[in-house]
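Note sheet for the following structure.
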Amino acid sequence: MKTVLITGGSKGIGKCIAENLARDGYNVVLNYNKSGNQAKQTQKDLSKQGIKIEIYKADVSKREDVKKMMKFALNKFGNIDILINNAGIAKLQMFNDITDEDWNEMIGTNLNSVFYCIQEALPNMIHNKNGCIINISSIWGLVGASCEVAYSVSKAGIDGMTKSLAKELGPSNIRVNSIAPGVIDTEMNNNLDNVIKEEIKNETPLNKIGKPIDIYRCVKWLIEDEFTTGQIISPNGGYVI
Ligand code: NAP
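Read in numbering that gives the first Met the number 0, the sequence shown has 158 at position 159, and its numbers run on one by one without any break.
Pasting the structure below:
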């Protein structure tokens, strides 16, 4: 049975991916940081359906936390076959209002976390000559978002890491890809009012806002595929083409 470790699995996109992969029969380690109750609830709900998952609290912006989390996963399941770097934060602010603290928090949570998680999972993947790394970036890393410069930079950084690492790790049979979602209906977008959501919908050729399940479907495909690496795949309803 293959093992998946997913960061930021307590809510939104990560929760949906974790639940569905657990139902598909993968061993799942669901990482959370602040939302312990929600992670525990997901674990409980799945266990009522006869499905066991592991949950682990770690702030993925901290190297030591990530180290301990990977050790936990390896002790439990022996391998990390699939790493999904999903944890992330967003903040709307004018460029000149971004403080050093804001910047470091954004880059630490969204980008350094990916660096730490991949480095700490890699020795096991290289040893197995097998691995699948999926980084969740964003359309805003592709096209840039006004008033979200730090967020856009963090996501563009992830895509750069994906492409470079795919070249470096291909010979070890480790695939590295990004999923760059369009606007998806989660708590992250609670700050968008209904008028803005309606505008986005109208500007989207498929005329809808995405759902976490749309991202799970893409993850599932990438896990099963054997010939895709270094790609930035963007499920976005055609909003960015
Ligand atoms: P969300 O509902 O706000 O969930 C964010 C998740 O990230 C939570 O589980 C949160 O865990 C976790 N997280 C945040 N900081 C963390 C840290 N330091 N350590 C560990 N976990 C941390 O957001 P979402 O919409 O599902 O977003 C998931 C990913 O998709 C993010 O990377 C986001 O940038 C990306 N994305 C989202 C959209 C969208 O429209 N929603 C579009 C493009 C890309 P805790 O609450 O437990 O701390």
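The beta-carbon is built from N, C-alpha and C at its ideal position, and this holds for glycine as well.
No experiment lies behind these values; they were computed from the predicted model shown.
ask   = With which residues is L82 paired in a DSSP beta bridge?
value = As a first step, residue 82 must be located in the sequence shown, where it is residue number 83. In DSSP, L82 forms a bridge with L4 and I132.
message = Going by the DSSP bridge assignment, what does R174 pair with across the sheet?
response = In the sequence shown, the residue the question calls residue 174 occupies position 175. Note: R174 sits in a beta bridge opposite C131.
inquiry  = In whole angstroms, give me the CA-to-CA distance for I133 and M93.
reply    = What you label residue 133 is simply residue 134 of the sequence shown in a count that begins at 1. What you label residue 93 is simply residue 94 of the sequence shown in a count that begins at 1. Rounded to the nearest angstrom, the two C-alpha atoms are 30 Å apart.
Three-state secondary structure assigned by DSSP to G140 = Along the sequence shown, read from residue 1 onward, the residue named residue 140 stands at position 141. In the structure shown, G140 sits in a helix (DSSP, three-state: H, G or I).
key: Own chain, CB closer than 8 Å to V194, minus 5 neighbours either side, in chain order   = Position 195 of the sequence shown, counted from the first residue, corresponds to residue 194. Taken in chain order, the list of residues that qualify is empty.
task = Alpha carbon to alpha carbon, how far is L82 from T228? Give it in angstroms, no decimals.
result = Your numbering for residue 228 matches position 229 in the sequence shown. Your numbering for residue 82 matches position 83 in the sequence shown. Each residue's alpha carbon lies about 14 Å from the other.
task = Locate the beta strand (DSSP E) running through N206, then write down its first and last residues.
result = Residue 206 sits at position 207 when you count from the first residue of the sequence shown. First-last for N206: undefined, no H or E at that position.
request  = Work out the CA separation of T161 and V208 for me, nearest whole Å.
outcome  = Taking the first residue of the sequence shown as 1, we reach residue 208 at position 209. Taking the first residue of the sequence shown as 1, we reach residue 161 at position 162. Looking at the sequence provided, one finds Ile at residue 208 rather than Val. Each residue's Cα considered, the two are about 26 Å apart.
ask   = Buried or exposed: which applies to K14, given that a residue is buried once 16 or more other Cβ atoms fall within 10 Å of its Cβ?
value = As a working mapping, residue 14 is identified with position 15 in the sequence shown. Classification for K14: buried.
query = With a CB to CB cut of under 6 Å and the five nearest residues on each side skipped, what residues in its chain are close to V182?
reply = One-based indexing of the sequence shown puts residue 182 at position 183. The answer, listed in chain order, is I199 and I208.
message = the ligand NAP and A165: does the residue's C-beta get closer than 7 Å to at least one heavy atom of that ligand?
response = Indexing the sequence shown from 1 puts residue 165 at position 166. No, the ligand NAP has no heavy atom inside 7 Å of this Cβ.
key: C-beta contact flag for G140 and A155 at 8 Å   = Here residue 140 is taken as the residue at index 141 of the sequence shown, counted from 1. Here residue 155 is taken as the residue at index 156 of the sequence shown, counted from 1. Going by C-beta atoms, G140 is nearer than 8 Å to A155.
ask   = Between the C-alpha atoms of V28 and Y150, what's the straight-line distance to the nearest angstrom?
value = Working through the sequence shown from its first residue, we reach residue 28 at position 29. Working through the sequence shown from its first residue, we reach residue 150 at position 151. Those two C-alpha atoms are separated by around 26 Å.
Contiguous alpha helix (DSSP H) assignments of at least 4 residues, all confined to the stretch 10-46 = You should have 11-22.
request  = Pick out whichever of S34, I222 and T6 has its Cα sitting closest to the Cα of N129.
outcome  = In the sequence shown, the residue the question calls residue 129 occupies position 130. Nearest option by C-alpha distance: I222.
message = I'd like the span of the alpha helix (DSSP H) that includes E100, first residue to last.
response = Translated into the one-based positions of the sequence shown, residue 100 becomes position 101. It spans D99 to I106 - the alpha helix (DSSP H) in which E100 sits, taken as one unbroken run.
task = Examine the ligand NAP and report whether any of its heavy atoms sits within less than 7 Å of the Cβ of A149.
result = Position 150 of the sequence shown, counting from 1, holds the residue named residue 149. Result no, Cβ not under 7 Å from the ligand NAP.
request  = Could you tell me the distance, in whole angstroms, from the CA atom of R22 to the CA atom of I50?
outcome  = Mapped onto the sequence shown, residue 22 falls at position 23. Mapped onto the sequence shown, residue 50 falls at position 51. A direct Cα-Cα distance of roughly 7 Å separates R22 from I50.
key: Cα-Cα separation between I232 and N176, rounded to whole angstroms   = Mapped onto the sequence shown, residue 232 falls at position 233. Mapped onto the sequence shown, residue 176 falls at position 177. I232 and N176: Cα-Cα distance of roughly 8 Å.
key: Element boundaries [alpha helix (DSSP H), containing Y150]   = Position 151 of the sequence shown, counted from the start, is the residue given in the question as residue 150. V148 to L168 is the extent of the alpha helix (DSSP H) around Y150.
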